[in-house]
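Here the structure is laid out as structure tokens; the discussion comes afterwards.
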Amino acid sequence: MLKNRIIPCLDVKNGRVVKGINFVDLKDAGNPVEQAKIYSDGGADEICFLDITASNENRDTIYDVVEKTSKKCFVPLTVGGGVRGVDDINKLLNCGADKVSINTAAVQNPEVIIESSKKFGSQCIVVAIDAKKNGNRWEVFTHGGRNNTSLDAIEFANKMEDSGAGELLVTSIDRDGTQIGYDNDLILKISSTVNIPVIASGGVGSLDHLVDGIKLGKASAVLAASIFHHGTHSIQEAKQYLDSKGIPVRI
Amino acid sequence: MNVTIVDYNSGNISSVINSFKEVAKNKVNIEVTSDLNKIKSSDKVVLPGQGSFKSCVDALNSINGLVEILNEFAVTNKKPLLGICVGLQMFADIGYEEIETKGLGWISGKVSKIDNQNNKFKLPHIGWNEISIVKESKIFKDIKNKSHMYFVHSYEFIPEDKSVISATTDYSSNIVCSVEKENIFGTQFHPEKSDKIGLQIIKNFIDL
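As structure tokens, this is what we get:
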């Protein structure tokens, strides 16, 4: 039986780990390579790096981080943030990333998804959808949650599946950093619409939130940052908790 | 000893390289090349593969003489070869991804899309799944039955002769995830991404 995945995410800025609260107010807290190794030794099913300010700043630090991490961690490594096109994807994959997550570029130029999934295979193309609730719909945001595109998140998710995305990483901007749980309505809406795996993201503050993402949101995988990063819970604790709630996990 | 990872533009092979180097330490030489002479003279060959069946077969064929050298290595000389993911799938006679494409024909069978029961199961089959070991395989030394391996694929290899199957995994149906036919080994899952257990499989192959 296929297991639900737990994916710790490390937000990286200038080669250092930070975790934003609602994408601002960053707090420096560690070396990403060491942190990733702790996670993979602890049983993380995948590791995710998000280079949060990559669009604006010194980008090359992430390549070094990815290269070093991929020599120490032998679980899948996803890297996102500031990925503009095929060249960036190629460079990250060559450094040792297994998957690349694409956000702003997927909205601005969906051809990037078509082209890159053909070139590298859908298995390494993750489209990151940052969505915010507006009335009874969700709208897609880009540039780290700063720009509203007014695109409908559900329609966009469908379009990305058709374009060749292998997975969708769905983040609720309303919930990100709040620790009150995923927007499970959003997650469910997308996971029940598309036929590719959905990774729930944004808002985890407790282990029950991970359970909800899978049970209520029907996510294939759950992503969290601060509850693992601040040592509130270990990956093993999270897995045992999910297991105790009847969710299939790799222990 | 020389282990060669065939570099034929089959997509991202850096994780395969990293994992083999990690296991080999400095005791075994890991070559990453498409040089025909180096492949020919190596002791073991790893055939990775990502992307579609067609794109991998096309990439193999685009290097003049590569398929012949691989045939000589694995079929004539019967030296150990490990195919990973699409590397395994290419052992088949034929694949149906994108368009009907001829494979290497080393293990009779076909590669077709996983039947996901009218979208009841998501594709690709991504994540950690347990393997059921159905016959003893040299690459499963010290690997417990029901170990978790990392998968990412939408197509499956269906061999004609079921006796080549060394492990299966349970998804929308029972999927062949490992084969062994004499000196030819293949895994549908990614040992290079399957944590310590995956590295053990790589070690078992290097130690053959």
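In order, the protein sequences belong to chains Z and L.
The opening position of the first sequence corresponds to residue -12 in the numbering used here, with each subsequent residue numbered one higher.
The opening position of the second sequence corresponds to residue 127 in the numbering used here, with each subsequent residue numbered one higher.
In this text, a Cβ means the ideal position worked out from N, Cα and C, and glycines have one as well.
Computed from a prediction, not measured in an experiment: that's the story for all the values here.
Chain-order list of chain Z residues neighbouring L:P250: S109, Q110, G153, E154, I183, P184, by C-beta distance under 9 Å. At least one CB of chain Z lies nearer than 8 Å to the CB of L:L325. By the criterion of at least three beta-carbon pairs nearer than 8 Å, the region 213 to 233 of chain L is in contact with the region 275 to 285 of chain L. The criterion of a C-beta distance shorter than 8 Å is satisfied by L:S298 and L:I240.
Proximity of Z:G83 to chain L, defined by a Cβ-Cβ separation below 8 Å, is satisfied.
With at least 16 other beta carbons inside 10 angstroms of its own, Z:T65 counts as buried. Of all residues in the region 309 to 324 of chain L, only E318, K319, D321, G324 come within less than 7 Å of chain Z when Cβ atoms are compared, listed by chain position. Taking the Cβ atoms as the reference, L:L208 lies roughly 5 Å from L:F331, within the contact range of under 8 Å. Residue pairing by DSSP places Z:K86 opposite Z:T65 in a beta bridge. Contact between the region 239 to 253 of chain L and the region 177 to 192 of chain Z is present, with at least three C-beta pairs closer than 8 Å. Per the DSSP secondary-structure output, Z:L(-11) pairs in a beta bridge with L:N255.
DSSP, reduced to helix, strand and coil, places Z:N134 within a strand of the structure shown. For the region 267 to 281 of chain L, the residues whose beta carbon sits under 7 Å from a beta carbon of chain Z are, in order, H274, Y276, V278. Taking a C-beta cut-off of 8 Å against chain L, the contacting residues of the region 207 to 219 of chain Z are S207, A208, listed in chain order. Annotation: Z:V114 to Z:P235 spans about 25 Å, alpha carbon to alpha carbon.
At the C-beta level, Z:L37 and Z:V62 stay beyond 8 Å of one another.
Against chain Z, a Cβ distance below 9 Å from L:S140 picks out E54, S57, L80, N81, C82, G83, A84, D85. Interface annotation, L:N245: in contact with chain Z, CB-CB separation under 8 Å. By the criterion of a C-beta distance shorter than 7 Å, Z:D161 is surrounded in its chain by K119, K120, D170, once the five residues flanking it on both sides are discounted.
Within a 10 Å sphere around the beta-carbon of Z:M147 sit 16 or more other beta-carbons, which makes this residue buried. The continuous stretches of alpha helix (DSSP H) do not include L:E226, and DSSP gives it neither H nor E. For L:Y222, the closest Cβ of chain Z is not nearer than 8 Å. For Z:V185, the enclosing beta strand (DSSP E) covers residues 185 to 188. Secondary structure of L:I139 (DSSP, three-state): coil. Counting only runs of at least 4 residues, the region 146 to 183 of chain L fully encloses the following alpha helix (DSSP H) elements, listed from N- to C-terminal order: 162 to 167. Inclusion of Z:L(-3) and Z:A23 in the CB contact set at 8 Å is warranted, their separation being smaller than that value. Cβ atoms of Z:N1 and Z:T48 come within 8 Å of each other, at about 5 Å.
Residue nearest to Z:V4 within the set Z:L175, Z:D32, Z:I39 is Z:I39 (criterion: CA-CA distance). For L:A293, the beta-bridge partners assigned by DSSP are L:I259, L:S304. Taking 8 Å as the CB threshold, Z:L(-11) lines the interface with chain L. Annotated three-state conformation of Z:P97 is coil, per DSSP.
Judged by DSSP in its simplified three-state form, Z:F215 adopts helix. With a cutoff of 8 Å on beta-carbon distance, L:P206 and L:K170 are scored as near each other. Distance check between L:V172 and each of L:I257, L:N187, L:D133, L:M275 places L:D133 closest, using alpha-carbon atoms only.
For Z:P235, the secondary structure class from DSSP, reduced to helix, strand or coil, is coil.
Per the coordinates, the alpha-carbon of L:E148 lies some 8 Å from the alpha-carbon of Z:K58.
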